[in-house]
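Participant: Structure in structure tokens, see below.
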Amino acid sequence: MGAAVSAQSPLVRTTTGPIRGREYRLSDGRVVDMYMGIPFAEPPVGKLRFKKPQPVTPWTDELNCVDFGPRCPQKDEFCAQFTSLVGKDEAHCLTLNVFSPRWLKDQDKKFPTMVWIHGGAFSMHHSSNYGSTTIARNLCVKDVVVASINYRLGPFGFFTTGDDLCKGNMGLWDQTLALQWIHDNIERFGGDPNNVTLFGQSAGGGSVDLLSLSPHSRDLFHKVIAMSGCGECDFAMRPKQIQAQIGIDFARHHGWTGADSDTEGLLRFMEAQPASRIEVGLQPIKPIPSAKTSGTLAFLPNFDGDFFPRPLDELRREGPRKPIITGTTAHEGLFFVAIGRLNMTVEGFQKFADKLIAKCDYGNDVDEVRREIFDFYLKDVNPKNKAKIYERFIEFMGDYAINAGTYQYARKMTQYGNEVYFYCFDYANPDGFGWLRFTMPFKGATHCSDVRYVLGKGIFSKFNPNQEDLDMIEIMTTYFSNFAKYGNPNGDPSLTDHKTPLWEPFDITQPFRHLSIQHPKPTMADEYFRKRMELWERVMARNRSRSLITSDKMIIDHSIHIPFKIISFCTDTSFETPGDCFDCGPHIVDIDLLPFSDEGRLQTVQTSAHLVVPLYPLLDGLADSRYVDGPRSTWLRKRLMMPSLSVLRHGLPHGPVVDGEPSCNFRGSKSFVHKMEPDSIDKLLNSLRRPTNGKPKSLWNKTLSFVDNLSKKPPPTQMAVGGVTGL
Numbered sequence: 008m009g010a011a012v013s014a015q016s017p018l019v020r021t022t023t024g025p026i027r028g029r030e031y032r033l034s035d036g037r038v039v040d041m042y043m044g045i046p047f048a049e050p051p052v053g054k055l056r057f058k059k060p061q062p063v064t065p066w067t068d069e070l071n072c073v074d075f076g077p078r079c080p081q082k083d084e085f086c087a088q089f090t091s092l093v094g095k096d097e098a099h100c101l102t103l104n105v106f107s108p109r110w111l112k113d114q115d116k117k118f119p120t121m122v123w124i125h126g127g128a129f130s131m132h133h134s135s136n137y138g139s140t141t142i143a144r145n146l147c148v149k150d151v152v153v154a155s156i157n158y159r160l161g162p163f164g165f166f167t168t169g170d171d172l173c174k175g176n177m178g179l180w181d182q183t184l185a186l187q188w189i190h191d192n193i194e195r196f197g198g199d200p201n202n203v204t205l206f207g208q209s210a211g212g213g214s215v216d217l218l219s220l221s222p223h224s225r226d227l228f229h230k231v232i233a234m235s236g237c238g239e240c241d242f243a244m245r246p247k248q249i250q251a252q253i254g255i256d257f258a259r260h261h262g263w264t265g266a267d268s269d270t271e272g273l274l275r276f277m278e279a280q281p282a283s284r285i286e287v288g289l290q291p292i293k294p295i296p297s298a299k300t301s302g303t304l305a306f307l308p309n310f311d312g313d314f315f316p317r318p319l320d321e322l323r324r325e326g327p328r329k330p331i332i333t334g335t336t337a338h339e340g341l342f343f344v345a346i347g348r349l350n351m352t353v354e355g356f357q358k359f360a361d362k363l364i365a366k367c368d369y370g371n372d373v374d375e376v377r378r379e380i381f382d383f384y385l386k387d388v389n390p391k392n393k394a395k396i397y398e399r400f401i402e403f404m405g406d407y408a409i410n411a412g413t414y415q416y417a418r419k420m421t422q423y424g425n426e427v428y429f430y431c432f433d434y435a436n437p438d439g440f441g442w443l444r445f446t447m448p449f450k451g452a453t454h455c456s457d458v459r460y461v462l463g464k465g466i467f468s469k470f471n472p473n474q475e476d477l478d479m480i481e482i483m484t485t486y487f488s489n490f491a492k493y494g495n496p497n498g499d500p501s502l503t504d505h506k507t508p509l510w511e512p513f514d515i516t517q518p519f520r521h522l523s524i525q526h527p528k529p530t531m532a533d534e535y536f537r538k539r540m541e542l543w544e545r546v547m548a549r550n551r552s553r554s555l556i557t558s559d560k561m562i563i564d565h566s567i568h569i570p571f572k573i574i575s576f577c578t579d580t581s582f583e584t585p586g587d588c589f590d591c592g593p594h595i596v597d598i599d600l601l602p603f604s605d606e607g608r609l610q611t612v613q614t615s616a617h618l619v620v621p622l623y624p625l626l627d628g629l630a631d632s633r634y635v636d637g638p639r640s641t642w643l644r645k646r647l648m649m650p651s652l653s654v655l656r657h658g659l660p661h662g663p664v665v666d667g668e669p670s671c672n673f674r675g676s677k678s679f680v681h682k683m684e685p686d687s688i689d690k691l692l693n694s695l696r697r698p699t700n701g702k703p704k705s706l707w708n709k710t711l712s713f714v715d716n717l718s719k720k721p722p723p724t725q726m727a728v729g730g731v732t733g734l
């Protein structure tokens with residue numbers, strides 16, 4: 008195994024000051040240098056509590072970095088006050104750790120660098136929960152430098168006023184500053200700043216994905232491993248208005264009495280609270296009445312317009328392509344059921360599912376969503392069959408929280424040109440669950456189960472690996488370190504003799520194929536919860552609060568699908584279309600798909616007498632019928648109504664942005680349709696020309712005028728829509 012010794016590590020002169028760590032000697036005599044508790048930011052206290060982190064003030068004296076820094080304030084749950092290695096300190100919680108193999112430091116070769124971001128629902132945990140010497144024994148021996156970072160949690164990391172006073176996402180800015188420090192310094196520890204892999208699990212996996220999207224952070228690393236969490240999971244992000252309301256309710260719970268609009272007073276109140284009074288944990292804050300919180304978590308990243316300047320799907324399309332590993336465990340929901348103290352009956356399932364459904368925004372589809380979920384999970388379930396009810400509860404919880412979002416992430420990122428490796432971890436040592444074994448209906452691979460086989464440290468209990476555990480550690484660390492070195496978990500592509508079974512990349516033509524990671528040998532499998540994922544694809548497409556964040560809903564299959572959005576201006580009218588019948592209302596409506604064959608021909612047309620335009624969703628849902636007859640100034644509205652819009656083909660931007668008169672926008676739309684197929688234009692225009700009873704004459708005339716513009720004006724070669732493309 009190896010044993011730590013008291014000898015100090017060599018002095019490293021970083022850009023912020025000299026530091027000295029301690030060495031860890033492996034059983035074979037090799038040494039890993041461990042530098043822990045390295046500060047990278049100024050203390051985030053006082054007026055800096057809810058601000059972006061400031062780079063740490065450089066020091067000149069040697070800093071002793073031999074122990075983990077303190078935790079961010081958080082409630083001690085699940086006996087954490089007795090099991091945590093370090094205390095809590097708001098002022099000094101922004102630290103990072105570096106674990107560096109010593110054996111190649113005298114050579115020109117640099118080690119690939121892996122940076123771990125811990126999970127914990129954005130509310131709890133710390134890098135110390137995930138190991139130090141175990142990282143040295145399990146990952147550093149694979150010839151990689153490993154760093155782990157800490158960031159602000161709960162309200163300290165994710166409170167927002169919803170305006171410019173406090174945009175929130177301080178925790179993500181903390182992570183970004185830590186990555187910048189690593190980029191600037193990792194070469195001094197033997198790491199390669201040009202070969203950095205970010206990896207994390209649960210909220211850490213969500214962080215990894217979100218960091219890969221933001222223009223502020225995405226160029227600081229090169230590869231992504233998102234385990235049991237990503238930005239597509241419902242827990243990973245909220246619209247800023249919802250997160251701001253949660254902040255208001257949270258402050259009221261702690262004694263604030265100001266008006267909702269008094270964001271300055273709200274911020275002053277939160278700045279004045281003792282850290283111990285406003286810290287949170289994983290368990291829900293029951294007095295918080297906000298109706299649309301995702302799950303039970305209070306403080307999450309929000310779509311702020313700053314760290315995320317554009318909707319997520321737009322950022323996914325425009326960002327640099329990175330190789331990705333992502334996946335889940337076989338029974339993600341088992342962990343949540345075990346800690347949830349749930350009523351395990353059919354009625355209990357329905358009541359609990361109703362709460363989760365109510366916390367999303369399905370609009371008029373909520374009853375249909377509820378019916379689909381209940382029919383799928385409860386059909387043919389005998390109310391007396393406890394084991395079956397547990398099974399369905401676990402499936403539902405895992406699908407809702409983790410599986411569906413992770414699967415959609417794998418599909419989307421493949422569609423956008425990234426090479427993705429998708430897995431399902433299906434191994435569990437039945438003796439490895441600690442106190443959870445008393446509340447689990449069965450033992451199986453669940454949320455967090457895979458982490459110990461990467462980092463070597465147990466989350467639920469102490470980890471005393473048996474031979475099968477050691478085998479799984481070898482499998483997981485080989486795949487992950489290969490990925491860090493080559494961007495491919497199979498290792499050096501020039502070699503044909505691999506130590507682990509071949510892991511095929513995600514294939515959009517076989518979308519449920521994945522690596523099933525089992526003992527003794529992982530194998531490629533064809534079915535990743537197919538029927539469950541198909542259900543959740545339909546359900547997720549109806550969640551309107553998510554559409555404010557992700558921008559569009561792209562249904563991915565063998566055809567080309569173009570996301571559309573329409574501006575609706577009439578009520579209680581149905582327009583017959585060449586494909587389906589579309590009901591309109593006085594709000595923005597998504598047309599989820601308008602599929603084209605590989606030759607570019609329309610397969611079906613879904614449209615109405617409305618103007619159909621290829622554009623991203625409007626920021627904050629600002630566009631509706633009141634802008635239809637407005638002056639030109641409302642088309643742009645200081646560019647806050649929507650992001651710059653791009654004509655899409657295969658989900659990629661095309662052409663420059665134009666902020667011109669409406670006629671320019673018409674030509675832009677014409678250009679888009681023209682690029683599809685002449686037959687498509689005729690079908691679209693004919694459907695728009697069709698007379699419809701009950702439509703206001705002036706608006707109908709505007710529609711006809713728009714159609715004439717489409718028919719008569721030649722499309723430019725490159726044009727994109729800017730401002731509101733309207734009637």
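Residue numbering for the sequence shown follows the working numbering, starting at 8 and increasing by one per position.
Even glycine gets a Cβ: it sits at the ideal position worked out from N, Cα and C.
Can at least three beta-carbon pairs, one atom from the region 17-36 and one from the region 62-71, be found at a separation below 8 Å?
Facilitator: Enough Cβ pairs lie closer than 8 Å, so yes.
Participant: In chain order, what residues of the same chain lie with their CB nearer than 6 Å to the CB of Leu322, ignoring the 5 residues before and after it?
Facilitator: Excluding sequence neighbours, Leu322 sits near Leu220.
Participant: Using the beta-carbon count (16 or more within 10 Å), is Pro25 buried or exposed?
Facilitator: With fewer than 16 Cβ atoms within 10 Å of its Cβ, Pro25 is classed as exposed.
Participant: Evaluate contact between the region 317-333 and the region 431-443, counting only Cβ atoms and requiring at least three cross-stretch pairs below 8 Å.
Facilitator: These segments do not touch.
Participant: Would you kindly work out how many angstroms separate the C-alpha atoms of Asn738 and Thr333, rounded to a whole number?
Facilitator: This structure cannot speak to residue 738, because the chain is shown only from 8 to 734.
Participant: Report the rounded CA-to-CA distance for Arg399 versus Pro518, giving the unit in angstroms.
Facilitator: Computed Cα separation, rounded: 23 Å.
Participant: Determine the DSSP secondary structure at His190, reduced to helix, strand or coil.
Facilitator: Looking at His190 - three-state DSSP - the assignment turns out to be helix.
Participant: Relative to the C-alpha of Phe445, which candidate in Phe383, Leu341, Thr421, Glu375 has its C-alpha closest?
Facilitator: The residue with the shortest Cα to Cα distance from Phe445 is Leu341.
Participant: Given a threshold of 16 other Cβ atoms within 10 Å of its Cβ, counted over all protein chains shown, does Arg515 qualify as buried or as exposed?
Facilitator: Note on residue identity: the sequence assigns Ile, not Arg, to residue 515. Exposed: under 16 other Cβ atoms inside 10 Å.
Participant: Note down the Cα distance separating Val151 from Leu349, rounded to an integer number of angstroms.
Facilitator: About 43 Å.
Participant: Any idea which residues DSSP pairs Val427 with across the strands?
Facilitator: Val427 is bridged to Ile331.
Participant: Under 8 Å by Cβ, that's how I've got Lys58 and Gly169 pegged, so tell me the actual separation to the nearest angstrom.
Facilitator: Lys58 to Gly169, Cβ: 16 Å. No contact.
Participant: Mapping the DSSP letters down to three states, classify Lys358 as helix, strand or coil.
Facilitator: Helix, per DSSP.
Participant: According to DSSP, simplified to helix, strand and coil, what is Thr21?
Facilitator: Thr21 falls in the strand class under three-state DSSP.
Participant: Whole angstroms is fine: what's the gap from Cys455's alpha carbon to Pro281's?
Facilitator: Going from the Cα of Cys455 to the Cα of Pro281 covers about 32 Å.
Participant: I need the straight-line Cα distance from Asp478 to His505, nearest angstrom please.
Facilitator: When rounded, the distance between both Cα atoms is 16 Å.
Participant: If we require 3 or more residues per run, which beta strand (DSSP E) segments fall completely within the region 79-135?
Facilitator: Correct list: 102-108, 118-124.
Participant: Following the continuous beta strand (DSSP E) through Asn202, name the residue where it begins and the one where it ends.
Facilitator: Where Asn202 is concerned, the enclosing beta strand (DSSP E) stretches over 198-208.
Participant: Per DSSP, what kind of secondary structure is Pro638 in: helix, strand or coil?
Facilitator: A caution first: Pro638 carries a pLDDT of 33, below 50, which makes its placement in the model too unreliable to give a value.
Participant: For Leu289 and Met131, which I take to be in contact (beta-carbon distance under 8 Å), what is that distance rounded to the nearest angstrom?
Facilitator: Right, their Cβ atoms sit about 6 Å apart.
Participant: Are the CB atoms of Met351 and Ile396 nearer to each other than 8 Å?
Facilitator: In this structure, Ile396 lies closer than 8 Å to Met351 by Cβ.
Participant: Apart from the five residues just before and just after Ala243, which ones in its own chain have a Cβ nearer than 6 Å to its Cβ?
Facilitator: So the list reads Gly213, once near-sequence residues are dropped.
Participant: Using CA atoms only, rank isn't needed, just tell me which of Gln15, Asn157, Tyr407 is closest to Trp343.
Facilitator: The question names Trp, yet the displayed sequence has Phe at residue 343. Taking only the C-alpha atoms, the option nearest Phe343 is Tyr407.
Participant: In terms of alpha-carbon separation, which member of Ala548, His338, Arg377 lies closest to Ala452?
Facilitator: Out of Ala548, His338, Arg377, His338 has the C-alpha closest to the C-alpha of Ala452.
Participant: Could you give the DSSP three-state label for Leu146: helix, strand or coil?
Facilitator: Residue state, collapsed to three classes: coil.
Participant: Could you please give me the residues that DSSP links to Leu70 through a beta bridge?
Facilitator: Beta-bridge pairing links Leu70 to Ile26.
Participant: Pick helix, strand or coil for Met447, following the three-state DSSP scheme.
Facilitator: In this structure, Met447 counts as coil in the three-state DSSP scheme.
Participant: With distances taken Cα to Cα, identify the nearest neighbour of Ile45 among Arg27, Glu278, Trp442.
Facilitator: Checking every option, the nearest Cα to that of Ile45 belongs to Arg27.
Participant: Going by the beta-carbon positions, is the gap between His526 and Tyr434 smaller than 8 Å?
Facilitator: Yes. Within cutoff.
Participant: What's the C-alpha gap between Asn389 and Val546?
Facilitator: If you take the alpha carbons of Asn389 and Val546, they lie about 25 Å apart.
Participant: Helix, strand or coil: which one does DSSP assign to Pro62?
Facilitator: It is a strand residue.
Participant: With distances taken from CA atoms, which of Arg537, Leu273, Asn192, Lys450 is nearest Ala345?
Facilitator: The option with the nearest alpha carbon to Ala345 is Lys450.
Participant: What does Val153 pair with, by DSSP beta-bridge criteria?
Facilitator: Val153 is bridged to Phe106, Met121.
Participant: Can you tell me where the alpha helix (DSSP H) holding His4 begins and where it ends?
Facilitator: This structure cannot speak to residue 4, because the chain is shown only from 8 to 734.
Participant: Which whole-angstrom value is the C-beta distance of Leu55 and Ala185, which I expect to be below 8 Å?
Facilitator: At roughly 16 Å, the Cβ-Cβ gap does not stay under 8 Å, so Leu55 and Ala185 are not in contact.
Participant: Following the continuous alpha helix (DSSP H) through Ser488, name the residue where it begins and the one where it ends.
Facilitator: Segment 474-493, the alpha helix (DSSP H) holding Ser488.
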